[in-house]
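Mapping the sequence shown onto the UniProt record's numbering, position 86 (from 1) lands on 86, and the numbers just tick up by one.
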Amino acid sequence: MSQIDLVAILFPKEGKADRVVELLNEISIYVKANEPGTLKYEVNKEVNKESGAVEIIMMESYKDKAAIAAHGSSEQFKAFGKKLKDEGLIAKPMQLKFLKNVGGFSSRL
């Protein structure tokens, strides 16, 4: 199996970005400790200079399909999704972009 890289973009409602980041950082601790097949799980934020709208951009890498399936089916991930819904934190559905490297490099390490 080959590595799976993706970008997940979350669209918090106005004033809710900090709470979304808080929840993502909480689940990140669990992922790092319990999901060895999750190779990268970065939480990033972009603020639109004109509108002030915030997007949370996740950069994720998984060892293989089994690792991404384990992540998506974990009780912690399901609880995270429930909190997003129950607390009314998200303005529109998350976008997932599955990536295929076609050149360049990711690190000099």
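Positions of the beta carbon are idealized from the N, C-alpha and C atoms, including for glycine.
Of all C-beta pairs linking the segment 80-95 to the segment 34-41, fewer than three are shorter than 8 Å, placing the two stretches out of contact. In the DSSP assignment, phenylalanine 80 falls within the unbroken alpha helix (DSSP H) covering 75-86.
Shown here, aspartate 18 sits in a helix according to DSSP, grouped into three states. DSSP, reduced to helix, strand and coil, places alanine 33 within a helical segment of the structure shown. Counted as a single uninterrupted DSSP element, the beta strand (DSSP E) harbouring asparagine 44 occupies residues 38-47. Contact check between the segment 13-26 and the segment 95-109: fewer than three CB pairs, one atom from each, fall below 8 Å, which does not count as touching.
Take glutamate 42, set aside five residues on each side of it, and the residues of its chain with a beta-carbon closer than 6 Å to its own are Met59, in chain order. When secondary structure is reduced to three states using DSSP, leucine 6 falls in the strand class. Secondary structure of lysine 97 (DSSP, three-state): strand.
From the listed residues Pro12, Ser107, Lys65 and Asp5, the smallest Cα separation to asparagine 48 is found for Pro12. With respect to isoleucine 56, valine 20 sits close: the two C-beta atoms are nearer than 8 Å.
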